[in-house]
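Novice: With our numbering applied, the sequence shown covers 464 to 1022. No residue lacks a Cβ here, since even glycine has one placed at the ideal position from N, Cα and C.
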Amino acid sequence: MDKLPLIKHLRYSLSFPSVTVYHCFMGLVGGISAATLILIFRFLVEFCQHAILGPNKDFTTLPGWANFILPLSGAALILILALTMGVKYYRLGIPFVIYRVKFHHGLIPLRNTINQFLGAALSLICGFSVGREGPAVHMGAAGSAMIGHYLRLPYNATRIMAASGIAAGISASFNTPLAAVIFVMEVVLREYKVHMFLPIMLASACGSIMSRLAFGESHTFEGLDFVILDQLHHVPFLLLSGVIIGCMAALFNQLLLICMRSGQKLPFSARILTAAIATGVLATMFPEIMGTEDASLGLALSESPAMTLLIGVFVGKMVATVLAIGLGIPGGIIGPLFALGGLAGMIALQIMLPIAPDLASHQGVYVVIGMASMMGASLNAPMAALVAILELTNTPAVIVPAMLVLISAQLVASQVFRSRSAFLTQMELQRLPYQISPVVLNLQKIGVQAVMRKDFVLLERPDDSVIQHALERSGDRPVLLINQGDQPWRLATADSTQECGYLLEPMPELSVRRTLGDVYEQLSKNRRGAVIIHAGDTNTPIGVVNWQHLTQRLHTDLG
464 MDKLPLIKHL RYSLSFPSVT VYHCFMGLVG GISAATLILI FRFLVEFCQH AILGPNKDFT
524 TLPGWANFIL PLSGAALILI LALTMGVKYY RLGIPFVIYR VKFHHGLIPL RNTINQFLGA
584 ALSLICGFSV GREGPAVHMG AAGSAMIGHY LRLPYNATRI MAASGIAAGI SASFNTPLAA
644 VIFVMEVVLR EYKVHMFLPI MLASACGSIM SRLAFGESHT FEGLDFVILD QLHHVPFLLL
704 SGVIIGCMAA LFNQLLLICM RSGQKLPFSA RILTAAIATG VLATMFPEIM GTEDASLGLA
764 LSESPAMTLL IGVFVGKMVA TVLAIGLGIP GGIIGPLFAL GGLAGMIALQ IMLPIAPDLA
824 SHQGVYVVIG MASMMGASLN APMAALVAIL ELTNTPAVIV PAMLVLISAQ LVASQVFRSR
884 SAFLTQMELQ RLPYQISPVV LNLQKIGVQA VMRKDFVLLE RPDDSVIQHA LERSGDRPVL
944 LINQGDQPWR LATADSTQEC GYLLEPMPEL SVRRTLGDVY EQLSKNRRGA VIIHAGDTNT
1004 PIGVVNWQHL TQRLHTDLG
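(1) What residue does the beta strand (DSSP E) around Thr956 start on, and which one ends it?
(2) Considering Asn1009, what are the terminal residues of the beta strand (DSSP E) in which it resides?
(3) Beta carbon of Ala620, beta carbon of Ala630: below 8 Å?
(4) Near His658, what residues of its chain come up, given a Cβ to Cβ distance below 7 Å and the 5 sequence neighbours on each side ignored?
(5) Are the segment 524-544 and the segment 872-884 touching, with three or more C-beta to C-beta distances below 8 Å?
(6) Can you find the residues in the same chain that come closer than 7 Å, C-beta to C-beta, to Val550, ignoring five residues on each side of it along the sequence?
(7) From the DSSP secondary-structure annotation, give me the bridge partner or partners of Val920.
(8) Taking Val994 as part of the beta strand (DSSP E), name the residues at either end of that continuous run.
(9) Is the segment 961-969 touching the segment 889-901 in the sense that three or more CB pairs, one from each, lie closer than 8 Å?
(10) Can you tell me whether Leu737 is buried or exposed? The criterion is at least 16 other CB atoms within 10 Å of its CB, across all chains shown.
(11) Check for me: the beta strand (DSSP E) holding Pro969 runs from which residue to which?
(12) So is Glu649 buried or exposed if we call it buried at 16+ other beta carbons inside 10 Å?
(13) Is it right to say Ala608 is buried, meaning 16 or more other beta carbons lie within 10 angstroms of its own, or is it exposed?
(14) Looking at Ile752 and Val776, is the spacing between their C-beta atoms short of 8 Å?
(15) If you draw a straight line from the alpha carbon of Asn905 to that of Gly1006, how long is it in whole angstroms?
(16) With the cut-off set at 8 Å, would you say Asn578 and Leu555 are in Cβ contact?
(17) Can you give the beta carbon distance from Asn716 to Ser841, rounded, assuming they're within the 8 Å contact cut?
(18) In the structure shown, what three-state DSSP assignment does Ser824 receive?
(19) Let me check understanding here. Comparing Cα to Cα, which of Gln912, Lys728, Asn857 and Val744 lies closest to Phe637?
(20) Among all the DSSP beta bridges, which residues are the ones paired with Glu972?
(21) Near Ala599, which residues of its chain fall below 6 Å by C-beta distance, leaving aside the five closest residues on each side in sequence?
(22) If you draw a straight line from the C-alpha of Ser627 to the C-alpha of Phe522, how long is it?
(23) How close, in whole Å, do the beta carbons of Val706 and Val564 come, if the pair is a contact with beta carbons under 8 Å?
(24) Buried or exposed, going by whether 16 or more other CB atoms sit within 10 Å of the CB of Asp927?
(25) What residues in its chain sit with their C-beta under 6 Å from that of Leu772, if we drop five residues either side in the sequence?
(26) Let me know if Phe506 comes out buried or exposed under the rule of 16 or more other beta-carbons within 10 Å of its beta-carbon.
(27) Return the chain-ordered list of same chain residues with a C-beta closer than 6 Å to the C-beta of Ala848, the five sequence neighbours on each side being excluded.
(28) On the criterion of 16 or more Cβ atoms from any shown chain inside 10 Å, does Trp952 qualify as buried, or is it exposed?
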């Protein structure tokens, strides 16, 4: 495969940070791969839930003892799976994917992905309060980046493929293609570049199309009967509900932080079993807490739900979610946040009804905008939350009230309570770095093939006169001395301060798949020198990148 001219040209073209048909094509390939994985995952979960729960897939129809036994059974199987695959490979979900995209070019170990696929399936089937977007992000990134790794593409391209797979995975899970793109840009990459945006957008569209072909054209909340809030006297009530939801979002993040810190002191098996027992006990009292969000939102959208029941289910759902996510049950956080947000929106509405009885006709609106606000305030992802609700409801008129509630919730959570993104909190407690130098981040987008010099001079066992003669005739071409035995590759540069008239410096070696970010990390300490590039055979260099090439490219991109 390495000798095929088309593959070589593909790798070379993908090393540049520019919009090309090759970037879009690989985004499409990654999107198809990721969406296929997610659809298999969805079919597996839905088939098993149908077998256990019947066609309605409703945990509330089960007897109390079954609601207690299901999480315990799931925990036992998750433990067996984790011990079989290796506990060290039990790093899963969106925080882990963000870390791998930033520091490992989006490549995710296979065993982590198997743990995520089977573990998350067991969690969802057995009623844990987790979402399916975590597995969608993890498996989407892994499935797409794996193709880039197999084709030995430059690492800047595998990073784009991983991001494309994430978008396709979310889109295939929820049929929300635009929200998937915004989520990748706002939460995972936290930057916007056109050459990355187009393949991500194409992959997301691909995921949505495949989801519609498999499950039909549907928007989860499209059937809700919305009475739109179009009068100014509703604005204070919307802002007040945002304040209430912002307080609840900050409480959720703080409880998650406490749970994760406490859980780190427990053995792995104790954490999983604690989450299972707590979920089972809570489910016997409030079966609506089980699963992702369907039963909880069904209660919030029911006709005149009792305030005590709403509060009970909200507290139970929050505790079950905090324990599941904080103690390491495989799964996502966004689905449960939607459930908590819907319940919080309904609770806020009930609080305000004595003041404004006419709000009773707007129940659906408050539930939906509560979902968006809870997600946006907890994850510090307001744009992704807003667009997700727009696509899930297929109702543009919900945007303005959702914006008002979301803004007030975000400000209360972040400014009053100093609450940070739940993802960043998880990464810090798992000791996963997420901050990267802007210089390295910019250079990670460029493959070494884009700037390396191929017109270098090779010298084998030269004496001083040969090296001096080569330096005089080489112009600006790099002069290299072939590695001999224990001697590394060395770069010869003219230096009048040396008695021999030149200076020899050892050269680090990098694969042709590496990025300029890797070159910078090798050379930044001395701010001089060069690295030698090889295509697998370390005795056969194919190019050279020196510090001058690096700084010139950096100034060009930043200028």
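Specialist: By the coordinates alone:
(1) As a first step, residue 956 is located in the sequence shown; it is residue number 493 there, counting from the start. That run of the beta strand (DSSP E) goes Arg953 to Ala957.
(2) Here residue 1009 refers to the residue found at position 546 of the sequence shown. Judged by DSSP secondary structure, Asn1009 falls within the beta strand (DSSP E) whose first and last residues are Pro1004 to Asn1009.
(3) Mapped onto the sequence shown, residue 620 falls at position 157. Mapped onto the sequence shown, residue 630 falls at position 167. Their beta carbons are not under 8 Å apart, which means Ala620 does not touch Ala630 by this criterion.
(4) Within the sequence shown, residue 658 is the residue found at index 195, counting from 1. Setting aside the 5 residues that flank it on each side, His658 is surrounded in the same chain by Pro480, Ser481, Val482 and His486, each with a C-beta closer than 7 Å to its C-beta; the list follows chain order.
(5) The segment 524-544 is not in contact with the segment 872-884.
(6) Here the question's residue 550 lines up with position 87 in the sequence shown. Contacts found: Phe731.
(7) Stepping through the sequence shown from its first residue, residue 920 is reached at position 457. Answer by DSSP bridge pairing, in chain order: Val942.
(8) Taking the first residue of the sequence shown as position 1, residue 994 is located at position 531. Taken as a continuous stretch (DSSP letters only), the beta strand (DSSP E) holding Val994 covers Ala993 to His997.
(9) These segments do not touch.
(10) Along the sequence shown, read from residue 1 onward, the residue named residue 737 stands at position 274. Looking at the sequence itself, residue 737 is Thr, so the reference to Leu does not match. With 16 or more other Cβ atoms within 10 Å, it is buried.
(11) Along the sequence shown, read from residue 1 onward, the residue named residue 969 stands at position 506. Per DSSP, Pro969 belongs to the beta strand (DSSP E) from Tyr965 to Pro969.
(12) Residue mapping note: residue 649 aligns to position 186 of the sequence shown, counting from 1. It is buried - the Cβ of Glu649 has at least 16 other Cβ atoms within 10 Å.
(13) Here residue 608 corresponds to residue number 145 of the sequence shown, with the count starting at 1. Classification for Ala608: buried.
(14) For this step, residue 776 is matched to residue 313 along the sequence shown. For this step, residue 752 is matched to residue 289 along the sequence shown. Yes, these two residues count as a Cβ contact at 8 Å.
(15) Taking the first residue of the sequence shown as 1, we reach residue 905 at position 442. Taking the first residue of the sequence shown as 1, we reach residue 1006 at position 543. Roughly 21 Å between the two C-alpha positions.
(16) Along the sequence shown, one-based indexing puts residue 578 at 115. Along the sequence shown, one-based indexing puts residue 555 at 92. The criterion of a C-beta distance shorter than 8 Å is satisfied by Asn578 and Leu555.
(17) Translated into positions along the sequence shown, residue 716 becomes position 253. Translated into positions along the sequence shown, residue 841 becomes position 378. Asn716 to Ser841, Cβ: 6 Å. Contact.
(18) Position 361 of the sequence shown, counted from the start, is the residue given in the question as residue 824. Judged by DSSP in its simplified three-state form, Ser824 adopts helix.
(19) Indexing the sequence shown from 1 puts residue 637 at position 174. If we check each option's Cα against that of Phe637, Asn857 comes out closest.
(20) Here residue 972 refers to the residue found at position 509 when the sequence shown is read from its first residue. By DSSP's assignment, Glu972 forms a beta bridge with Ile995.
(21) The residue given as residue 599 occupies position 136 in the sequence shown. For Ala599, where only same-chain residues beyond five positions count, the Cβ hits under 6 Å are Ile501, Gly632, Ile633 and Ser636.
(22) Against the sequence shown, residue 627 aligns to sequence position 164. Against the sequence shown, residue 522 aligns to sequence position 59. Looking at the two C-alpha atoms, the distance is approximately 34 Å.
(23) In the sequence shown, the residue the question calls residue 706 occupies position 243. In the sequence shown, the residue the question calls residue 564 occupies position 101. Between Val706 and Val564, the beta carbon gap of about 34 Å keeps them out of contact (Cβ cut-off 8 Å).
(24) By 1-based counting over the sequence shown, the position of residue 927 is 464. When all chains shown are included, Asp927 counts as exposed.
(25) Counting from one through the sequence shown, the residue named residue 772 turns up at place 309. Cβ neighbours of Leu772 beyond the five flanking positions: none.
(26) Mapped onto the sequence shown, residue 506 falls at position 43. Label assigned to Phe506: exposed.
(27) Taking the sequence shown and counting its residues from 1, the one referred to as residue 848 is at position 385. Around Ala848: Ala835, Met838 and Gly839.
(28) Reading the sequence shown from its first residue, position 489 is the one you call residue 952. Label assigned to Trp952: buried.
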